[in-house]
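*Asks:* Residue numbers (the numbering used here): 1285 to 1528.
Before anything else, here's the structure in question.
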């Protein structure tokens, strides 16, 4: 019996070493070949929806300059969505937006999508929508840019305010530019989660027009996941009316 136990212990240790090695190899692979899919945690320490929101739906990051490397900038359309993490949270989504991948049909239903932190409530008179639902299923890369419909890797739970006042103006800006110019735009969106929170504090959006070297589109912003008049618990997405 003692020999069998010892053999099992050795095998377990051997498997652990293999798993550690595989994890390291995966990390190296993504850092070398797909760095854009690794979560960008640089924003987390500088911007927090829970402490820094002061009335503006978004704020500039890094002097409003996107951080794409020379190797990441291409003039061929594509879209990539990072794998969800161990908590089921979305990570970075990146695309080179071009006319050839923009949608030609209407968006289909996304009702089946339930991102982390999805605890829906209505706030009549507070949320400006009909019906006045607090949360939207927020595309990281907007449907109008790549036509991606109900991909679970492309959604976070976001307030109506984040979706319409925060993200939409930037999506519209990029969509209009691509349609009018025929050029491409590098576009990267990284949801920022603090610790193990299931509701993101906001999203970091970076964009750079390719053919004109950023003359048409160039920004790096953080959009706050807040809703004026409503208190959000970022740990699990629960929410309640703010006391006045």
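Note that beta-carbon positions come from the ideal geometry of N, C-alpha and C, so glycine has one too.
As the structure is a computational prediction, the values presented were derived from the model and not from experiment.
Is it right to say residue 1485 is buried, meaning 16 or more other beta carbons lie within 10 angstroms of its own, or is it exposed?
*Replies:* When all chains shown are included, residue 1485 counts as buried.
*Asks:* Determine the direct distance from the alpha carbon of residue 1352 to that of residue 1502, and round the result to whole angstroms.
*Replies:* Residue 1502 and residue 1352 have their alpha carbons spaced roughly 11 Å apart.
*Asks:* Tell me the residue span of the beta strand (DSSP E) that contains residue 1503.
*Replies:* 1502–1508
*Asks:* Using only CA atoms, which one of 1396, 1375, 1348 and 1371 lies nearest to residue 1481?
*Replies:* 1371
*Asks:* With a 10 Å radius around its C-beta and 16 neighbouring C-beta atoms as the bar for buried, classify residue 1341 as buried or exposed.
*Replies:* buried
*Asks:* Looking only at its own chain, which residues have a Cβ that is under 7 Å from the Cβ of residue 1528, when we skip the five neighbours before and after it?
*Replies:* none
*Asks:* Mind checking which residues open and close the alpha helix (DSSP H) that includes residue 1456?
*Replies:* 1452–1465
*Asks:* Would you mind listing the alpha helix (DSSP H) stretches within the segment 1379–1437 that are 4+ residues and don't spill past its ends, in chain order?
*Replies:* 1427–1430
*Asks:* Can you check whether the CB of residue 1387 is closer than 8 Å to the CB of residue 1504?
*Replies:* no
*Asks:* Kindly indicate which residue of 1499, 1451, 1433 and 1511 has the alpha-carbon position closest to the one of residue 1473.
*Replies:* The shortest CA-to-CA distance from residue 1473 to any of 1499, 1451, 1433 and 1511 is the one to 1451.
*Asks:* Would the beta-carbon of residue 1403 fall within 8 Å of that of residue 1416?
*Replies:* no
*Asks:* Return the residue from the list 1409, 1461, 1374 and 1431 that minimises the CA-CA distance to residue 1389.
*Replies:* 1431
*Asks:* Taking the DSSP output, what are the residues bridged to residue 1344?
*Replies:* 1505
*Asks:* Here's the rule: buried if 16 or more other CB atoms are within 10 angstroms of the residue's CB, otherwise exposed. What is residue 1362?
*Replies:* exposed
*Asks:* Does the beta-carbon of residue 1453 have 16 or more other beta-carbons within 10 angstroms, so that it is buried, or is it exposed?
*Replies:* exposed
*Asks:* Tell me the DSSP secondary structure of residue 1448 in three-state form.
*Replies:* Three-state result, residue 1448: helix.
*Asks:* Do the segment 1459–1471 and the segment 1435–1445 make contact, defined as three or more Cβ pairs closer than 8 Å?
*Replies:* With contact defined as three or more Cβ pairs closer than 8 Å, the segment 1459–1471 and the segment 1435–1445 are not in contact.
*Asks:* Quick one: is residue 1412 buried, meaning 16 or more other Cβ sit within 10 Å of its Cβ, or exposed?
*Replies:* exposed
*Asks:* Apart from the five residues just before and just after residue 1311, which ones in its own chain have a Cβ nearer than 7 Å to its Cβ?
*Replies:* Its pLDDT being 46, under 50, residue 1311 is placed unreliably by the model, and the measurement read from it follows with that caveat. So no residue of the chain qualifies.
*Asks:* Tell me the rounded alpha-carbon separation between residue 1320 and residue 1517.
*Replies:* Low per-residue confidence applies at residue 1320: pLDDT is 45, beneath 50, and the placement is therefore not dependable enough to give any value.
*Asks:* How would you label residue 1499, buried or exposed, when you count the other beta carbons within 10 angstroms and need 16 or more for buried?
*Replies:* exposed
*Asks:* Can residue 1379 and residue 1429 be called in contact, C-beta distance under 8 Å?
*Replies:* yes
*Asks:* Residue 1383 and residue 1463: beta carbons closer than 8 Å?
*Replies:* In this structure, residue 1383 sits near residue 1463, with a CB-CB distance shorter than 8 Å.
*Asks:* Between which two residues does the beta strand (DSSP E) containing residue 1489 stretch?
*Replies:* 1486–1493
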